[in-house]
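Written out below as structure tokens is the structure these notes cover.
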Amino acid sequence: MFETDRSSRAGYLRAGIGLRDPHLRRIIEDKPDIDWLEVIADNIIDADEPALSRLEKLRRDYPLSLHSVGTSIGSVDPLNFDYLKSLKRLIERLDPFSVSEHLCWSGAHGVHLHDLFPLPMNEETVRHVAGRVGRIQDFFGRQILIENVSAYTGFEESEMSEPEFITQIARRSGSGILLDVNNIFINSYNFGLDAVKYVDDIPGELVGEMHLGGGEQREGFILDAHNCRIWDEVWGLYGHAVARFGTVPTLIEWDNDIPELEVLLDEADKANKIIESKCGT
Amino acid sequence: MRDLAGIQKDFLKSILTAENKTGQPQPPAGSSEAGESSAAIYRDLVATNHLNALKDVYPVCLRLLGESYFSFLAWNYLRDRPTADPDLNRYGHDFPGFLEHEAGVREELGRLGYLPGVSRFEWSLYAASRSSADIIPLEETISRLTELGDKDTVLFRLNPSLSLMEFSCPVVRIWEENRLPEVGEIVLDRVTEKVVVWKNMGDVLYRTVDDESFNLLRLVREGAPLRELNRIYENREQDLERLIAQSISSGWIVGVKDAVR
């Protein structure tokens, strides 16, 4: 069984930012003061040798996390081992402190739609997904973190709450949890749930990383848009999560309409101040 | 109660079939109307994501077709030819084939006979830009070739990023002009345009080439050994040695080996 890495390599990390193309040169040249960087595996899965070498060099200055979007963990289709082999190559090369994927599905029955679709939360899905997460971890030879996703629909087949769903999968598979605080806020808004109770229902020892991002309102929903500053309500919920879970590596996500690097560093600074105020570190 | 496979099947149907009214996901609590609305949100997210991926790869096709019609075709392409590939970076590889098919059934596209060619050219440029194959340095190829001499069994290796295309209209000219703010006049005369696209030292390059160069690269791609190349070029005007030297210095041929060993 793998264990959530909270004490060895990741335990001292606070806020990090996503490594995105517009900031790459500045980060390499200026080496801004940031605890860690997230790399989206799917962006570099076919990267050429110079690009991978650059990342390896960057790895000497910053701990990296490797986050993927294409595994489709909850799909009823067989796991795509060509894709997983590519991820494994990146893991071996970049030695990330965390490897994570979304608790969702992106396609089935031979169709992949490159989005993060929610799953019906019931025993059948728990068994199915926990088995697949276990096989992925065995293949990688390490633990992965599974991330709660935002949802704009539910299923009448669901039998349990979302915190119970993700906790059961993590416990049965031996994975950790990447807790996306913004997605908790979004789903609570979209489905009229209690966000604080959601956080309280997650066992702290499973949480290996947290995510924060900006949302966007559309047609009565909040979407996980990653295109703006983090909402005040999400900062509030993050404060509650930090008080409960302690210092956990926290990513500032911003993938669309990417701003100047300073804006991301400013958001990371806010997260660090919350960690300091709650944990004194 | 549906099982997971059934739920996923219905969900995909609700996204890819706008008219579908059965198997809709359950609406959020307190909203009886929201079922279709939530399916519409996913449909919109999926459509936008794939549309943007195509726009990145096919900027000149986008300009030729206009935003609205390009979006219409992009949706039909997604619906009619959904991919199983998890890598969105490879999305759109058969968009040229789709356009070719659509040109045969849509009158308005039939008038843009050069469009499938332009799209093939754009995909080649994109694919070359993403090519990550290690390229053997030029000096190494030359040194290996010198070592092997003119042995009949010598095999050449093409640059893995290289595409060979043949068009019956001035596709490259159309593409070049449509990248500029003001499009100049283009005579749509019937020409045979042979084009090579490749990546060399990190740069994506393209060139229209003569018949002999094109044929040599095609033969090398088909795995013809030097013996066969010598036979084919024996009575031709073009000097095989010169063509091979040009292909190596251009970065089209990037390796050489003895097929017997």
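The listed protein sequences correspond, in order, to chains A and B.
Taking the working numbering, the leading residue of the first sequence gets 57, the next gets one more, and so forth.
Taking the working numbering, the leading residue of the second sequence gets 95, the next gets one more, and so forth.
All C-beta atoms in this analysis are idealised placements derived from N, C-alpha and C, irrespective of residue type, glycine included.
As the structure is a computational prediction, the values presented were derived from the model and not from experiment.
Next item on the list: With a floor of 4 residues, list each alpha helix (DSSP H) that falls wholly inside the region 148 to 202 of chain A, ordered by position along the chain.
Entry: 179 to 196
Next item on the list: May I ask which residues mark the beginning and end of the alpha helix (DSSP H) holding Arg-267 (chain B)?
Entry: 265 to 271
Notebook entry, point to check: Gly-276 (chain A) by DSSP, collapsed to three states: which one?
Noted result: coil
Note to self: Suppose the cutoff is 8 Å on Cβ atoms and the five residues either side in sequence are ignored; what does the same chain contact list for Val-154 (chain B) look like?
What the structure shows: Val-212, Glu-216, Ile-268, Trp-269, Asn-272 and Arg-273
Checklist line | C-alpha gap between Ala-327 (chain A) and Leu-111 (chain A), whole angstroms | finding: 25 Å
Notebook entry, point to check: Using CA coordinates, which residue listed in B:Asp-283, B:Thr-302 and B:Thr-240 is at the minimum distance from Trp-292 (chain B)?
Noted result: B:Thr-302
Check: Closer than 8 Å, CB to CB, is Asn-143 (chain B) near chain A or not?
Finding: yes
Check: Grouping DSSP H, G and I as helix and E and B as strand, with all else coil, what is Phe-211 (chain A)?
Finding: coil
Check: Hey, how far is the Cα of Ser-307 (chain B) from the Cα of Leu-108 (chain A)?
Finding: 34 Å
Checklist line | Reduced DSSP category for Leu-75 (chain A) - H, G, I as helix; E, B as strand; rest coil | finding: coil
Checklist line | Beta-carbon proximity check, Leu-339 (chain A) vs Val-237 (chain A), cutoff 8 Å | finding: An answer regarding residue 339 (chain A) cannot be provided, because it is not within the stretch 57 to 337 covered by chain A.
Next item on the list: Would you list, in chain order, the members of the region 164 to 183 of chain B that have their beta-carbon closer than 7 Å to a beta-carbon of chain A?
Entry: Pro-176, Thr-177, Ala-178, Asp-179, Pro-180, Asp-181, Leu-182 and Asn-183
Note to self: I'd like to confirm the pairing. Which residues does DSSP put opposite Lys-293 (chain B) in its beta bridges?
What the structure shows: B:Val-298
Item checked: Close Cβ partners of Ala-71 (chain A) (< 7 Å) along its chain, the five nearest in sequence each way excluded -> Asp-91, Thr-306, Ile-308, Ala-324, Ala-327 and Asn-328
Notebook entry, point to check: Would you report the Cα separation of Val-285 (chain B) and Arg-205 (chain B), rounded to the nearest angstrom?
Noted result: 17 Å
Next item on the list: Under 8 Å Cβ to Cβ from Val-248 (chain B), same chain only, skipping five residues before and after it: list those, please.
Entry: Leu-239, Leu-242, Pro-319, Leu-320, Val-350, Lys-351, Asp-352 and Ala-353
Next item on the list: Please state if the CB of Gly-126 (chain A) and the CB of Pro-53 (chain B) are separated by a distance shorter than 8 Å.
Entry: Any answer about residue 53 (chain B) is impossible in this case: the structure gives chain B only from 95 up to 355.
Notebook entry, point to check: Looking only at its own chain, which residues have a Cβ that is under 7 Å from the Cβ of Leu-143 (chain A), when we skip the five neighbours before and after it?
Noted result: Ala-97 and Ser-124
Checklist line | Tyr-208 (chain B) classed as buried or exposed, judged by whether at least 16 other C-beta atoms fall within 10 angstroms | finding: buried
Next item on the list: Determine the closest residue to Leu-98 (chain B) out of A:Gly-163, A:Gly-232 and A:Ala-103, with distance taken between C-alpha atoms.
Entry: A:Gly-163
Notebook entry, point to check: How would you call His-187 (chain B), buried or exposed, if buried means at least 16 neighbouring beta carbons within 10 angstroms?
Noted result: exposed
Notebook entry, point to check: Should Leu-159 (chain A) be counted as a contact of the ligand MG given a C-beta to heavy atom distance under 7 Å?
Noted result: Questions concerning the ligand MG fall outside what the structure shown contains, since it holds no ligand whatsoever.
Check: Buried or exposed: which applies to Gly-248 (chain A), given that a residue is buried once 16 or more other Cβ atoms fall within 10 Å of its Cβ?
Finding: exposed
Item checked: For Gly-232 (chain A), the residue or residues it bridges with in DSSP -> A:Leu-201
Note to self: Suppose you measure from the CA of Lys-245 (chain B) to the CA of Ile-326 (chain B); what does that come to, to the nearest Å?
What the structure shows: 16 Å
Note to self: By the three-class DSSP mapping on this structure, what secondary structure does Leu-256 (chain B) have?
What the structure shows: coil
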